[in-house]
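**Student:** Everything in the sequence shown is counted per UniProt numbering, starting at 1 for the first residue and increasing by one. A virtual CB, placed ideally from N, CA and C, is assigned to each residue, including glycine. For clarity, every value in this text was computed on a predicted model and none was experimentally measured.
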Amino acid sequence: MDVPVPSVSPPESLETDSVQRPQIVSYRGKEKLNTLAISVMNQWPGVRLRVTEGWDESGLHAPNSLHYEGRAVDITTSDRDRSKYGMLARLAVEVGFDWVYFESRSHIHCSVKSESVTRGRHGGCFSADTEAVLADGRRRRFDQLRRGDVVLAVDESGALVESEVILWLDRDPAERRLFYRLSTAAGRRLTVTPGHLLYVLDAESAAAGNHSAHSARITFVKHVIEGDYVLVAGAAGAVTAERVTAVDLVHESGVFAPLTRHGTLLANGVLASCYAMVDDQRTAHAAFLPVRWAVNVRELTLHMLEHFGVRAAAAAAAARSAASEPTSGVHWYASFLYALSDYVLPRDMMLN
Numbered sequence: 001m002d003v004p005v006p007s008v009s010p011p012e013s014l015e016t017d018s019v020q021r022p023q024i025v026s027y028r029g030k031e032k033l034n035t036l037a038i039s040v041m042n043q044w045p046g047v048r049l050r051v052t053e054g055w056d057e058s059g060l061h062a063p064n065s066l067h068y069e070g071r072a073v074d075i076t077t078s079d080r081d082r083s084k085y086g087m088l089a090r091l092a093v094e095v096g097f098d099w100v101y102f103e104s105r106s107h108i109h110c111s112v113k114s115e116s117v118t119r120g121r122h123g124g125c126f127s128a129d130t131e132a133v134l135a136d137g138r139r140r141r142f143d144q145l146r147r148g149d150v151v152l153a154v155d156e157s158g159a160l161v162e163s164e165v166i167l168w169l170d171r172d173p174a175e176r177r178l179f180y181r182l183s184t185a186a187g188r189r190l191t192v193t194p195g196h197l198l199y200v201l202d203a204e205s206a207a208a209g210n211h212s213a214h215s216a217r218i219t220f221v222k223h224v225i226e227g228d229y230v231l232v233a234g235a236a237g238a239v240t241a242e243r244v245t246a247v248d249l250v251h252e253s254g255v256f257a258p259l260t261r262h263g264t265l266l267a268n269g270v271l272a273s274c275y276a277m278v279d280d281q282r283t284a285h286a287a288f289l290p291v292r293w294a295v296n297v298r299e300l301t302l303h304m305l306e307h308f309g310v311r312a313a314a315a316a317a318a319a320r321s322a323a324s325e326p327t328s329g330v331h332w333y334a335s336f337l338y339a340l341s342d343y344v345l346p347r348d349m350m351l352n
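Have a look at this one:
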């Protein structure tokens, strides 16, 4: 069973009937509710999403009801206009609720699958228009990146390095997802999912001039607040800090999560990890060691083919690999690790 989490700070576009306690929903349910609340505001300006019931502590539902697990909610619009319920149900489906139906004339019932079932299908990603910095200084959107591209990243010492994109942890141009959009005082924006890892400094460290990646904390994007500082690559490769001036929830299509050899990269100039869901950069990077070994073995094989004179075969294999279209969805090895993490990692290291 999932552990419900209290939604103690709902967005202004979300209403709840509960006055005695906050509505309690699973992390996935909370994510979908926040996204749906934004969609409702966009569809009907001035109208808010209304949650009539979330987690049930009174025992009024059937014994197997998902209300007891924080995975189900009953919703209406704030104006209780039943003519809107058809569109409201459609919006709920579009934002990713796994089950939506008219339970009664007074509300719509929505529920989500278990976190352990969905974690392997939904990692942490960047938006399609996020840009990487190539080794030659050019910028390339994430939806145009290819395996083998060399981008700027950060090594363990915090220095900027060149790092090859070796695979996609997640890539789906059509999927709609909830993102956090971080805006900085310098006008920079980064749109990324809440479970992604980011290099962050608090105001005290930034004021002391300690702007190195090695001294920054790496935390989930959902924990970043206004007044925190993100690390960015400035002129001549110098790393500086920029203050976060706004954190907004947005709902966009297209999710992209490239993996580099170093497990880091620059996203719109911001120092970011390639990993998500696990609150430890070193653990996540170590877990993908077999992937890096496999890539090294493949490259060594191509080098040996060239060395022994089979240049045509090596060139053809390399060309096929570079030209192959990446498949959509979460990489199978990442899905395996997400599932395994439920059993081998302490719960406080996980996003949920």
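1. Could you tell me if G209 is buried or exposed, where buried requires 16 or more neighbouring beta carbons within 10 angstroms of its beta carbon?
2. What residues in its chain sit with their C-beta under 6 Å from that of T219, if we drop five residues either side in the sequence?
3. R141 and A128: beta carbons closer than 8 Å?
4. Thinking C-alpha only, which one of E31, A207, H223 is nearest K113?
5. How about V133 and T191: do their beta carbons lie closer than 8 Å?
6. Buried or exposed: H107, going by 16 or more other Cβ atoms within 10 Å of its Cβ?
7. For the ligand COA, is there any heavy atom lying closer than 7 Å to the beta carbon of H251?
8. Just to confirm the assignment, what range does the beta strand (DSSP E) spanning residue 357 have?
9. Around the Cβ of R246, are there at least 16 other Cβ atoms within 10 angstroms (buried) or fewer (exposed)?
10. Starting from S39, follow the beta strand (DSSP E) in both directions and report where the run begins and ends.
11. Secondary structure at A314, three-state DSSP: helix, strand or coil?
12. Quick one: measure Cβ to Cβ for G195 and G124, integer angstroms, because I've assumed they're closer than 8 Å.
13. Can you give the Cα-Cα distance for P6 and V291, rounded to whole angstroms?
14. Counting along the chain, where does the beta strand (DSSP E) carrying F288 start and finish?
15. Excluding sequence positions up to five away, which residues of its chain have a Cβ less than 6 Å from the Cβ of G234?
16. So the candidates are R347, E252, S328, E103; which of them puts its Cα closest to the Cα of L36?
17. Pull up the DSSP beta-bridge partners for P258, would you.
18. Can you tell me whether T327 is buried or exposed, with buried defined as 16 or more other CB within 10 angstroms of its CB?
19. Within the continuous alpha helix (DSSP H) that includes residue 354, where are the two ends?
20. Around the Cβ of Y101, are there at least 16 other Cβ atoms within 10 angstroms (buried) or fewer (exposed)?
21. Just the Cα atoms here: how many angstroms apart are A92 and L160?
22. What residue from L231, A276, T260, F288 has the CA that sits closest to V270's CA?
23. Taking the continuous alpha helix (DSSP H) assigned at E204, which residues delimit it?
24. Quick one: what's H251 bridged to in DSSP?
25. Among A287, E242, D279, V255, whose alpha-carbon lies nearest the alpha-carbon of R261?
26. Secondary structure at R119, three-state DSSP: helix, strand or coil?
27. Using a Cβ-Cβ cutoff of less than 7 Å, which residues in the same chain neighbour S212 once the five nearest sequence positions on both sides are dropped?
28. What span of residues does the beta strand (DSSP E) with V133 cover, start to end?
29. The beta strand (DSSP E) spanning D74 covers which residue range?
30. Let me check understanding here. Comparing Cα to Cα, which of V165, I38, G29, T77 lies closest to D248?
31. Note down, in chain order, each residue of its chain lying with its Cβ closer than 7 Å to the Cβ of L145, except the 5 sequence neighbours on either side.
32. Which first and last residues belong to the beta strand (DSSP E) in which E103 is found?
33. DSSP three-state label for V150, please.
**Tutor:** Taking the geometry as given:
1. Numbered from 1 along the sequence shown, position 209 holds the residue referred to as residue 209. Under this definition G209 is an exposed residue.
2. If you number the sequence shown from 1, residue 219 lands on position 219. V200, listed in sequence order.
3. Position 141 of the sequence shown, counted from the start, is the residue given in the question as residue 141. Position 128 of the sequence shown, counted from the start, is the residue given in the question as residue 128. A contact, by the Cβ cut-off of 8 Å.
4. Here residue 113 refers to the residue found at position 113 of the sequence shown. Considering only alpha carbons, the answer is E31.
5. Working through the sequence shown from its first residue, we reach residue 133 at position 133. Working through the sequence shown from its first residue, we reach residue 191 at position 191. No, the pair does not count as a contact, with Cβ atoms beyond the cut-off.
6. As a working note, residue 107 is residue 107 in the sequence shown. It is buried - the Cβ of H107 has at least 16 other Cβ atoms within 10 Å.
7. With respect to small molecules bound, the structure shown includes none, and the ligand COA cannot be examined in it.
8. The requested residue 357 does not occur in the structure, where the chain is confined to residues 1 to 352.
9. In the sequence shown, the residue the question calls residue 246 occupies position 246. Before going further, note that residue 246 is Ala rather than Arg in the sequence given. It is exposed - the Cβ of A246 has fewer than 16 other Cβ atoms within 10 Å.
10. The residue you call residue 39 lines up with position 39 of the sequence shown. No beta strand (DSSP E) contains S39, which is instead part of the alpha helix (DSSP H) from 27–43.
11. Locating residue 314 in the sequence shown gives position 314, where the first residue counts as 1. Note that A314 has pLDDT 47, beneath the 50 cutoff, so the model's placement of it is unreliable and the number below is only indicative. In the structure shown, A314 sits in a helix (DSSP, three-state: H, G or I).
12. Position 195 of the sequence shown holds residue 195. Position 124 of the sequence shown holds residue 124. Indeed they touch by this definition, with Cβ atoms about 4 Å apart.
13. Translated into positions along the sequence shown, residue 6 becomes position 6. Translated into positions along the sequence shown, residue 291 becomes position 291. Low confidence applies to P6: its pLDDT is 38, below 50, so where it sits in the model is not reliable, and the reading given next is rough at best. Computed Cα separation, rounded: 37 Å.
14. Residue 288 sits at position 288 when you count from the first residue of the sequence shown. It is not in any beta strand (DSSP E) - F288 carries neither H nor E in the DSSP assignment.
15. The count along the sequence shown starts at 1 and reaches residue 234 at position 234. Result list for G234: T240, in chain order.
16. Within the sequence shown, numbered from 1, the residue matching residue 36 stands at position 36. Of the listed residues, the one whose Cα sits closest to L36 is E252.
17. Residue mapping note: residue 258 aligns to position 258 of the sequence shown, counting from 1. Paired residue(s): W168.
18. Against the sequence shown, residue 327 aligns to sequence position 327. Answer is exposed; the Cβ neighbour count stays below 16.
19. Summary: the structure shown does not reach residue 354, with the chain confined to residues 1 through 352, and so no result is reported for it.
20. Position 101 of the sequence shown, counted from the start, is the residue given in the question as residue 101. It counts as exposed.
21. As a working mapping, residue 92 is identified with position 92 in the sequence shown. As a working mapping, residue 160 is identified with position 160 in the sequence shown. A92 and L160: Cα-Cα distance of roughly 42 Å.
22. Translated into positions along the sequence shown, residue 270 becomes position 270. Nearest option by C-alpha distance: L231.
23. For this step, residue 204 is matched to residue 204 along the sequence shown. 203–207 is the span of the alpha helix (DSSP H), which, as asked, contains E204.
24. By 1-based counting over the sequence shown, the position of residue 251 is 251. The partner list for H251 (beta bridge, DSSP) reads L178.
25. The residue given as residue 261 occupies position 261 in the sequence shown. Comparing Cα-Cα distances from R261 to each of A287, E242, D279, V255, the minimum goes to A287.
26. Mapped onto the sequence shown, residue 119 falls at position 119. Note on R119: pLDDT 46, under 50, position unreliable in the model; the coordinate value appears next. Reduced to three states, the DSSP call for R119 is helix.
27. Translated into positions along the sequence shown, residue 212 becomes position 212. For S212, where only same-chain residues beyond five positions count, the Cβ hits under 7 Å are G158, V239.
28. On the sequence shown, residue 133 is found 133 positions in, with the first residue counted as 1. Start and end: 131–133.
29. The sequence position of residue 74 within the sequence shown is 74, counting from 1. Run containing D74: 72–77, per the beta strand (DSSP E) assignment.
30. Start at 1 with the first residue of the sequence shown, and residue 248 comes out as number 248. The option with the nearest alpha carbon to D248 is I38.
31. On the sequence shown, position 145 is the one that residue 145 refers to. Contacts found: A132, V165, P258.
32. By one-based count along the sequence shown, residue 103 stands at place 103. Where E103 is concerned, the enclosing beta strand (DSSP E) stretches over 99–104.
33. Counted from its first residue, the sequence shown places residue 150 at position 150. Strand at V150.
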